[in-house]
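This report concerns only the one structure given below.
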Amino acid sequence: MKLLLLDQDDRLLLIHAKDPQTQAECWYPVGGGIEPGGTLQEAAAREAHEETGLVDLPPGLPVWRRDHTYEYDGRAVEVHEEWLMHTVDRFDPDCGSPSGHLTSVGL
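Position in the sequence shown (first residue = 1) + 1141 = this note's numbering.
If you want it as structure tokens, here you go:
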């Protein structure tokens, strides 16, 4: 599941990371998995909080889904992604995420 978090100024929150093996840089939206028995919206709220510190995520609008394979850390990763778009109030993300550097990017 991927979250497109847009504020009222249409700024999109993305995570910046490097592949540990190749050092290739990439930008990607907040996201994660759906726990067994959980819903898409529950997973979205949990991941938004874990990765950005955001609380009270408003319900998202489903905008896309895909099956995708990419390479990360020298291995192929296969995923099924459900993409949700959320409009959120402007906030300062908690940049203490171990997964990468969080930043707002204008559209």
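Beta carbons are placed, not taken as given, at the ideal position from N, Cα and C, and that holds for glycine.
Please go through the same chain and pick out, in chain order, the residues whose beta-carbon is closer than 6 Å to the beta-carbon of Pro1161, but skip the five residues on each side of it.
In the sequence shown, the residue the question calls residue 1161 occupies position 20. If we look at Pro1161 and ignore the five residues flanking it on each side, its Cβ neighbours are Asp1214.
What three-state label does DSSP hand Thr1210 in the structure shown?
Position 69 of the sequence shown, counted from the start, is the residue given in the question as residue 1210. Of the three classes helix, strand and coil, the one that applies to Thr1210 here is strand, per DSSP.
Which residues mark the beginning and the end of the beta strand (DSSP E) in which Ala1217 is found?
The residue labelled residue 1217 in the question sits at position 76 within the sequence shown. Boundaries of the beta strand (DSSP E) around Ala1217: 1216 to 1228.
Identify whether Arg1152 lies in helix, strand or coil by the three-state DSSP scheme.
Looking up residue 1152 in the sequence shown gives position 11. The answer is strand: DSSP assigns Arg1152 an E or B state.
Would you list, in sequence order, the uninterrupted alpha helix (DSSP H) runs of no fewer than 4 residues that lie entirely inside the region 1176 to 1203?
Scanning the region 1176 to 1203 for uninterrupted alpha helix (DSSP H) segments of 4 residues or longer gives 1181 to 1193, listed from N- to C-terminal end.
Could you check which residue in Val1204, Asp1235, Trp1205, Val1171 has the C-alpha nearest to that of Leu1144?
The count along the sequence shown starts at 1 and reaches residue 1144 at position 3. The residue with the shortest Cα to Cα distance from Leu1144 is Val1171.
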